[in-house]
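J.:
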Amino acid sequence: MAQFFLFMAPFFLATTLWGGNYSLADLEALVSEGGHEEFFVHALDIRPSERQEAWRGMVIKMADLLSKETLNKSVIKAADYKKIENLYRWPIIKGDDLYRARRQEIGLRYLKDCLKGNNPCLEDLKYFWESDPTDPDTAFKLAELTGPLTHPTLAPWTFLSVALKSPLSEFYCKEGFAMDELWKKFELDYIRLGPKGDFLKKIDQTVHPECLPHLIAEARKRLKSPQKYGDRELAFKILDVQSKADQKLSDFFYTAYLLERPSQGELFNYSWNRLRELGKNSQRRESVLAWMKLMDPLPDEILNSLDLTKKRVILSHFKQHFPEYLDFYIDQCTQFYGGKGSFPQGNPTIHCQDFMKSDLAPQLLDAQKIEQYQKVHSI
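749 is the number that the numbering used here gives the last residue of the sequence shown; the numbers go up by one with no jumps.
(1) Can you look up Gln742 in the DSSP assignment and give me helix, strand or coil?
(2) Spell out whether any CB of chain D is found under 9 Å from the CB atom of Lys555.
(3) Could you tell me if His521 is buried or exposed, where buried requires 16 or more neighbouring beta carbons within 10 angstroms of its beta carbon?
(4) Note down the Cα distance separating Leu387 from Pro526, rounded to an integer number of angstroms.
(5) What would DSSP say about Ile476, mapped onto helix, strand or coil?
(6) For Ile446, name the three-state secondary structure that DSSP assigns.
(7) What three-state label does DSSP hand Cys581 in the structure shown?
(8) Should Ser539 go down as buried or exposed, given a rule of 16 or more other Cβ atoms within 10 Å for buried?
(9) Give the C-beta separation of Val532 and Ile573 to the nearest angstrom, bearing in mind that I take them to be a contact with Cβ-Cβ under 8 Å.
(10) By alpha-carbon positions, which one of Phe698, Leu582, Asp736 ends up nearest to Leu664?
(11) Any idea what DSSP makes of Gln723, helix, strand or coil?
(12) Please list, in chain order, all residues of the same chain as Met549 whose beta carbon is under 7 Å from its beta carbon, the five residues on each side excluded.
(13) DSSP three-state call for Leu730: helix, strand or coil?
(14) When you compare each of Ile454, His691, Gln738 to Phe410 by their alpha carbons, which one comes out closest?
(15) Under 9 Å between the Cβ atoms of Leu512 and Leu481?
(16) Can you grab the Cα-Cα spacing for the pair Glu671 / His721, in whole Å?
(17) By alpha-carbon positions, which one of Leu673, Ser652, Ala605 ends up nearest to Leu628?
(18) What are the boundary residues of the alpha helix (DSSP H) that includes Arg694?
(19) Please report the straight-line C-alpha distance between Ala615 and Asp483, rounded to a whole angstrom.
(20) Mind checking Ala660: buried by the 16 CB within 10 Å criterion, or exposed?
(21) Kindly indicate the opening and closing residues of the alpha helix (DSSP H) around Gly546.
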């Protein structure tokens with residue numbers, strides 16, 4: 371309410387100075403002169419019962435004139451912005467598409483400048499959005515503006531939730547920052563829902579179908595090249611509920627899951643049993659290994675586990691059912707330390723060295739593999 375009176379202060383001051391009520395004829399004179407400042411001070415002098423078509427037409431015309439002049443200014447100051455916002459509270463003006471479009475452009479220009487200052491106009495931002503939280507393009511642009519901010523109630527998702535739910539989400543989802551924010555949202559949803567939650571429903575509630583191809587593409591990318599721990603599991607969940615996880619993809623995921631930081635539970639059991647299935651089908655193992663060979667670095671967090679029993683049990687499971695992966699992993703490690711092959715991103719076997727020093731290596735690897743590694747590593 372205080373902010374409303376702040377907006378209205380210039381108009382109240384003008385009324386006090388000029389005094390008196392204006393007639394329709396007075397307003398018509400102001401329209402012919404283009405005097406929008408004085409016009410809006412006295413536009414409401416006309417009784418509600420007399421605010422017919424002529425009055426409405428004058429109000430819209432003068433509002434459009436004011437917004438046009440404001441938009442043509444090289445710098446939009448706080449006073450200019452507040453006049454535009456004040457008029458947007460008039461129902462007749464809020465319904466004018468031209469004024470609405472200009473108001474959005476004016477607001478975005480003003481907010482972009484003032485948010486860069488030492489005292490960012492967070493209250494103005496909040497009020498601007500809450501006055502009309504429906505336009506997806508405005509929502510997307512506000513999300514871009516709030517990306518660098520740390521205000522808890524004005525995070526980018528406040529605005530992206532509107533943009534990505536619109537039919538225009540096809541364009542918004544292409545932007546990297548928007549997909550990153552969407553991914554963060556789904557990370558929290560996945561944790562809250564748990565493995566048995568209806569994640570498909572949550573996706574449908576969050577984004578428009580036009581966004582789904584971009585979400586699926588992002589999930590495929592993070593499945594193979596996760597940016598952080600947990601990305602691969604979330605990526606697989608997204609692909610699975612969208613019916614995009616065929617046998618080859620799920621073979622790869624369950625195999626990679628065991629090689630990272632597996633924890634006891636349903637997912638661990640699926641992965642354990644899937645590796646046993648792969649042990650009976652060399653063609654499926656070859657397919658998984660082909661995927662693995664494209665990864666850099668290779669999944670090997672299990673080699674760094676402090677749970678020695680879990681590490682021994684899982685690696686023994688690989689030794690029995692998927693020895694090709696262990697052989698390939700050690701070969702890559704040996705080539706890297708031997709200076710052979712091309713490794714533009716450095717060592718693809720991050721935990722290999724520590725593993726080869728452990729008592730577990732001789733129990734799982736052929737003596738020839740260990741000898742080859744020791745030969746190049748001692749150089």
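We put the beta carbon where it would ideally sit given N, CA and C, even for glycine. Everything numeric in this text was worked out from a predicted model, so none of it was measured.
T.: Let me spell this out:
(1) helix
(2) No chain D appears in this structure, which consists of one protein chain only.
(3) exposed
(4) With a pLDDT of only 38 at Leu387, under the threshold of 50, the placement of this residue in the model should not be trusted; the figure read from the coordinates follows. The alpha-carbon atoms of Leu387 and Pro526 are separated by roughly 44 Å.
(5) helix
(6) coil
(7) helix
(8) buried
(9) Incorrect: roughly 17 Å between the Cβ atoms, too far for contact.
(10) Phe698
(11) helix
(12) Cys543, His584, Glu588
(13) coil
(14) Ile454
(15) yes
(16) 7 Å
(17) Leu673
(18) According to the sequence shown, residue 694 is Glu rather than Arg. Note, Glu694: alpha helix (DSSP H), 693-707.
(19) 46 Å
(20) exposed
(21) 546-563
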